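Everything on this sheet refers to the single structure shown next.
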Ligand SMILES: Nc1ncnc2c1ncn2[C@@H]1O[C@H](COP(=O)(O)OP(=O)(O)OP(=O)(O)O)[C@@H](O)[C@H]1O
Ligand SMILES: Nc1ncnc2c1ncn2[C@@H]1O[C@H](COP(=O)(O)OP(=O)(O)OP(=O)(O)O)[C@@H](O)[C@H]1O
Ligand SMILES: [Mg+2]
Ligand SMILES: [Mg+2]
């Protein structure tokens, strides 16, 4: 038979094996979309993981380079600050939603939760509507409220066994309802100076809010890396049935992951309120899709178990740079949205193109 | 070993003594009719606050209101069945409404045909990108959402495009034998799509791809083609929905119907179709769309404040799903 | 070989099952099962597909709730609520590689849900985690790094991690654990089986083991006592020292094994015309493969894990992206880029991974069977329900598939029956010209295996070419007319294996490694 | 008036004959989550109370489909000939179906803000009136106030509303008109911020980086965006940039009072909420003969008020003057017919 004397044997470990391979139960749910698990296939998936993150980074870099080349304003230090400041809220929200996406679940509750939390915080700190002046305590209570919303989403999803798409969609409506009731026709203007300073006071050129966001992201990353909530969320997203078989109370940890996410949304709502200067019911409109898109662009997949807080941050920066750059390069407002949509798809497509064959099932 | 997994992910059997075969199928039957029962219960409950809701006129108005949503929802059902998601439907419907309004002077009533064809093509493009570049359908269609609304904005000059020749769209808003024609058109779409999915191999292919794409591929099912076809169908349905919207507002607009996305997906889920794919069907979505519409309009008519209305909507929609979905069909809950 | 030194018969059992009954819709899976497991012994469990072995094991870890009967652990009756509960009384199960989470580290997997001092104050202490996991890995002498990501391990390595994970039970209970192994060897090569058996013997020093396998010789080799199950009941309890495989076979299927297992006498001479001709097939894992198969010929492919034989087969079916080469089926070029094209050209493929690649488990037997060639039951574009039912009934009867009805979800059938449905999926087509079988008898009981062999013979007899990747070398030799041997992605030999003149396995082994 | 009104009256004339207690009052706005529309509904409530009725409040979340569904359902429940609807159509395209539905059900209708140019209330018996504000005028007025504040020279940036709305387009036209009169003012950039506060904040910050010192003023198509811009200026630590908006939401009034905003324009939401119901109520009870209303008043621009530092005190606590809703003084705020564009 053909050439027994190959100059060198196939390098079995150097290159990741293609899809075909040894027996491989996608360990996860019945849909077979869980990460494949043979050595060959697994190595492929994992390297696809790495490649995807790297590709997102490259896409971000390309965006930066292109905009910098076209627009002199884009290159300024002031604009860098602006981008960081603009990314702050989305960064916090995306950190939160990453915990949910890691589970393989989805969260559409942001508009409602943020609306309710924004109204709550603006009514708890010194404001134009009532005589409350809880200051930091008010902010803490708001974050707790966000966490409570998250926990409720989690409890409803896991105990009633309802798809998270639906529970969180319903939760969004409930949150908006609560926000509307709290609003009662008059917008509470935030008079609390320290909260106001979040948006206006600068330290080393960055707003307080940006620094808080950095801290929050770091905290999110730490939770993901060092706590059961974070680690189990990844494991559950990787193979929920197996985690269950190992005796882990999956429902509890899913719920807690939603709770953590909710706390971040609560913080995000406080930041938005600080920025807007008053309690706005619709403060969270559109943040659900923005946060999910950011996370997914960064390589946190909707199927769960892949990505993470830091990856999501790549997406946050990419989206912010894109919005900023399109304005600075003078793209007509009429087509900005369309251009943004195309670039997002292109960026993801180009990023995955080299590994598309190894990706297996893509939903 | 292979079996181990099958068994462990199989139906949960923790509900006490073994149900006999008979009881089991009764349960299935109950689940089958649950969405319908929820719909009836909701109507009855709402009518205690507003008895007019049950009048024939009112019921017909509900059906009429539901028509565009229903058409959108059955389209996205096909995509969801094969495991994906289509977020572009509402934007595509808006674009279609603009195209329809612009093309009526050229083609008259027949403008609906090229409009639906263009929408189907748009769906197919998204499907191809998803299949060929292996980009998550969520992202592809999210990009689509932005792109189609951008195009609609540009070709309409960011304005509402009025329909000058109302006769050209009369077919879509008259009544036939006492029934609004929009309802009949929607039902026609339901019947055609339902028949294709039930009677031809297409339905199985879609479900097989949704349940176990790899197994489907290795059984020789043209997985890529099935997915592209699903997105094409979804696009075509969005096109038809756009046409129905024009017949409702006598104009096309770049934001017309853009708010129907989440209600449409909610209709699919409330009907009992698994959001993870594989299980469910068109008929369920029809009931789901009606439930969503009853919730949307019914609640605003029983006279509670906007805040409470929203809360009740949230609670009821979660409650509706809680009783309509068949949990044994969801291996892992996402 | 174990020397079958029985522990004192008087020792009270660690685990006893009394009158256990479990009913599924249309099936009595357990029918008053009685058995016991004593301290430090290996209990073999054999039975046909669907005899209730897995159901029993699942009941023992709280994954299935029996309808009646009792489970007694160390003299105390328990009602197991779930895996965690079972673990707390010292019962653990190896679900094979199925039960490792791919995207986390080995240490996390081993300690999953029971991190102990690996988590302090709610925070993971990664160094401690690694140490704790290493203790378990050391027990079985595994060299795997506790910090490695699980999906970077090889198949055999993961199996070891699996065992280490179950052994971690010891740390959590005051008692010696009972370890349940459900068909752990069905996907292993002989070498790996040896490693596993070494672990099991070591395990017996400190635990009891229940071992399920369809390979009777293995059961005889490792067990101290063997229960034979049939229809949810124990029909015999035997001492491995006193029986041989033939006796077990007899007990198992209730009748004498008919002649040769492999139906050697049914092997016919293949036709002269070349059915499939492969020139320079090239993929990432398999280089310059060239060979031919004649109509009616069974071509075996032998090779160790990673030899590329699976990739070769998948490439022929169009399931390996980027495969190149000149492949002619009956003289016509075969596209290598789509399974669909292969199916339309008359090629069939039975993947080794039944659960994720073979069946769509929540769809019905009928739908699974007619999936590939649904055209044969269509009238125009519409599926003809009556014709389809008739076809399925025919094949259910012909292959003796045990299913409550054609509408049953295939996932609830036993593995053997699922496999038969997958085979039928290809056999329904009149135009089947080449069938690629990847480990077709994996997980099948001896009876079912024999039936599958008969089917393969029949298929070949009718002129279909068969490419066969076997579980064992013995199987490959017995079933094939010729055997290709692969190593490191290359074909290293091609041996004739005519009836009565089968080559020496040793020669093949040499070409393999 | 056009004769078509009389000609088409078939049985259901243009004069109502409903007993006051049989009238159903329906007020429909986008949502109750912003001060302007909340005030609108309160005005409606006040009017309803003054005639011993209750207003049914509908909100549709800025969702055209939901608005249509609600209208259809309100009209489908039984006899609608004594139903009065005061609606804020979501967009131009939504007015036609609302009008047709009301016409088909013989309900009394008043619409505000949005209407396609070729749709004329005089062609209908029971579409009492359409009232709106001259967007060109409001855009122009605040632009002038803004430019004056800037001393007649410098650079401005414009924040547009949702691009496909007439309001956004007209107001922007007004800005351009003012720009022609002030040659020393340059429009540095215009971007859309979707009438949204958070978006306006981001866009403004980006534009500030781009144009830096050049920015002397920010023209916003509504107050929400203006307030977002104010917030952005504060965050960027920029002083001395004038900001103007439209709508006179309470926060904007406060901002004008404390000097962080220059001007806004009030349309008087409570009055809008009340007057629409009042028109329908008078028509339904027969006190107002729709056919006899001056054609110029069937589709009119209502009076709007430029608010600056000088007069902000008068607007900070708006009170409804109930005498404005007597059936014979309903059109007192009309400033002229809607110019066909
Ligand atoms: N979840 C389930 N739902 C319905 N029937 C089931 C389920 N699990 C098992 N069964 C049925 O119970 C019977 C016993 O199955 P079990 O899996 O215990 O057999 P087994 O001895 O393990 O077979 P194999 O050797 O093929 O693994 C079979 O007929 C099977 O079809
Ligand atoms: N690009 C590559 N470079 C080097 N080696 C590769 C490459 N791609 C695949 N391989 C190796 O080739 C082997 C192909 O494995 P395959 O599963 O086909 O083996 P097999 O002989 O079928 O095993 P088994 O008999 O157990 O099924 C894999 O082990 C993989 O590591
Ligand atoms: Mg292999
Ligand atoms: Mg079994």
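Protein chains in written order, with my numbering: chain X, 621 to 983; chain W, 3 to 336; chain F, 4 to 516; chain L, 36 to 376. All C-beta atoms, glycine included, are put in the ideal place defined by N, C-alpha and C. All values reported here derive from a predicted model rather than from experimental measurement.
For this session: Confirm the yes/no value for this check: CB of residue 28(F), any heavy atom of ligand 1, distance under 7 Å.
Result: Yes.
For this session: For residue 277(W), count neighbouring C-beta atoms within 10 Å of its own C-beta (all shown protein chains included) and say buried if the count is 16 or more, exposed if not.
Result: The residue in question, residue 277(W), is buried, as its Cβ has 16 or more Cβ neighbours within 10 Å.
Exercise. Residue 234(F) by DSSP, collapsed to three states: which one?
Worked result: DSSP, reduced to helix, strand and coil, places residue 234(F) outside both helices and strands of the structure shown, so it counts as coil.
For this session: Compute every distance between the C-beta of residue 55(F) and the non-hydrogen atoms of ligand 1, then say whether any falls below 7 Å.
Result: The answer is yes for residue 55(F).
Problem set entry | Among 290(W), 126(W), 172(W), the one whose alpha carbon lies nearest that of residue 234(W) | Nearest C-alpha to residue 234(W): 126(W).
Problem set entry | Enclosing alpha helix (DSSP H) for residue 797(X) [first to last residue] | It spans 784 to 803 - the alpha helix (DSSP H) in which residue 797(X) sits, taken as one unbroken run.
For this session: Please check the pair residue 296(W) and residue 45(W), which I expect to be a contact at CB under 8 Å, by giving their CB distance rounded to whole angstroms.
Result: The C-beta separation of residue 296(W) from residue 45(W) comes to about 6 Å, placing the pair in contact by the 8 Å criterion.
Exercise. Any idea what DSSP makes of residue 266(F), helix, strand or coil?
Worked result: Correct three-state label for residue 266(F): coil.
For this session: With hydrogens ignored, establish whether the beta-carbon of residue 52(F) is closer than 7 Å to any heavy atom of ligand 1.
Result: Ligand 1 approaches residue 52(F) closely enough that one of its heavy atoms is under 7 Å from the residue's Cβ.
Problem set entry | Option in 170(F), 372(F), 479(F) with minimal Cα separation from residue 471(F) | The shortest C-alpha separation from residue 471(F) is found at 479(F).
Exercise. Does residue 818(X) get closer than 8 Å to chain F when you measure Cβ to Cβ?
Worked result: Chain F, which has no Cβ nearer than 8 Å to the Cβ of residue 818(X), makes this no.
Exercise. Along chain W, which residues have their Cβ under 9 Å away from the Cβ of residue 238(L)?
Worked result: Within chain W, no residue has its beta carbon less than 9 Å from that of residue 238(L); the closest one is some 17 Å off.
Problem set entry | Simplified DSSP state of residue 359(L), which is helix, strand or coil | Residue 359(L) falls in the helix class under three-state DSSP.
Exercise. What does DSSP give as the partner residues of residue 488(F) in its beta bridges?
Worked result: Residue pairing of residue 488(F) in beta bridges, as defined by DSSP: 305(F), 496(F).
Exercise. In three-state terms, what does DSSP make of residue 566(F)?
Worked result: Outside the shown range of chain F, which is 4 to 516, sits residue 566(F), and nothing can be said about it.
Exercise. Should residue 142(L) be flagged as near chain W, meaning a C-beta pair shorter than 8 Å?
Worked result: Chain W contact via Cβ: absent.
For this session: Drop a sphere of 10 angstroms on the beta-carbon of residue 228(F), count the other beta-carbons inside from all chains shown, and report buried for 16 or more, exposed for fewer.
Result: Result: buried.
Problem set entry | Partners in chain X for residue 126(F), counting only beta-carbon separations shorter than 7 Å | Those are 846, 847, listed as they occur along chain X.
For this session: For residue 807(X), decide whether its Cβ has a neighbour in chain L, counting only Cβ atoms nearer than 8 Å.
Result: Chain L has a Cβ within less than 8 Å of the Cβ of residue 807(X).
Exercise. Touch check for the segment 120 to 135 of chain F and the segment 153 to 170 of chain F: three-plus C-beta pairs under 8 Å?
Worked result: No, the segment 120 to 135 of chain F is not in contact with the segment 153 to 170 of chain F.
Exercise. Where does residue 77(F) sit, in a helix, a strand or coil, going by DSSP?
Worked result: In this structure, residue 77(F) counts as coil in the three-state DSSP scheme.
Exercise. Taking the DSSP output, what are the residues bridged to residue 165(L)?
Worked result: Partner(s): 146(L), 334(L).
Exercise. Under 8 Å between C-beta atoms, does residue 428(F) make it to chain W?
Worked result: Residue contact with chain W for residue 428(F): present (Cβ-Cβ distance below 8 Å to some residue of chain W).
Problem set entry | Through-space distance from residue 32(F) to residue 329(W), alpha-carbon basis | Straight through space, the alpha carbons of residue 32(F) and residue 329(W) are spaced by roughly 23 Å.
Exercise. Using 8 Å as the threshold, is the segment 750 to 760 of chain X in touch with the segment 844 to 862 of chain X, meaning 3 or more CB pairs across them?
Worked result: By the criterion of at least three beta-carbon pairs nearer than 8 Å, the segment 750 to 760 of chain X is not in contact with the segment 844 to 862 of chain X.
For this session: Return the bridge partner residues of residue 126(F) from the DSSP annotation.
Result: DSSP lists 847(X), 123(F) as partners of residue 126(F).
Problem set entry | Residues near residue 372(F) in its chain [Cβ-Cβ closer than 6 Å; skip 5 each side] | Counting only Cβ-Cβ distances below 6 Å, and skipping sequence neighbours, we find 395, 424, 427, 428.
Problem set entry | Alpha carbon of residue 284(L) to alpha carbon of residue 225(L), nearest angstrom | Answer to the nearest angstrom: the Cα atoms are 23 Å apart.
Exercise. Where does residue 134(W) fall in DSSP's three states?
Worked result: Looking at residue 134(W) - three-state DSSP - the assignment turns out to be helix.
Exercise. Would residue 355(F) be called buried (16 or more neighbouring beta carbons within 10 Å of its own) or exposed?
Worked result: By the Cβ-count criterion, residue 355(F) is buried, with 16 or more other Cβ atoms from all chains shown falling within 10 Å of its own Cβ.
Problem set entry | Beta-carbon separation (whole angstroms), residue 796(X) vs residue 732(X), contact threshold 8 Å | That pair is a contact at about 5 Å.
Problem set entry | Assigned secondary structure, residue 62(F) (DSSP; H/G/I helix, E/B strand, else coil) | If DSSP states are grouped into helix, strand and coil, residue 62(F) belongs with the helices.
Exercise. What residue does the beta strand (DSSP E) around residue 255(L) start on, and which one ends it?
Worked result: Note, residue 255(L): beta strand (DSSP E), 250 to 255.
For this session: Please name the residue or residues paired with residue 173(F) in a DSSP beta bridge.
Result: Per DSSP, residue 173(F) has no beta-bridge partner at all.
Exercise. Would the beta-carbon of residue 32(F) be found less than 7 Å away from any heavy atom of ligand 1?
Worked result: The answer is yes for residue 32(F).
For this session: Give the residues from the segment 242 to 274 of chain W that approach chain L closer than 7 Å (Cβ to any Cβ), ordered along the chain.
Result: Of all residues in the segment 242 to 274 of chain W, only 250, 251, 252, 253, 255, 256, 257, 258, 259, 261, 262 place a beta-carbon less than 7 Å from a beta-carbon of chain L.
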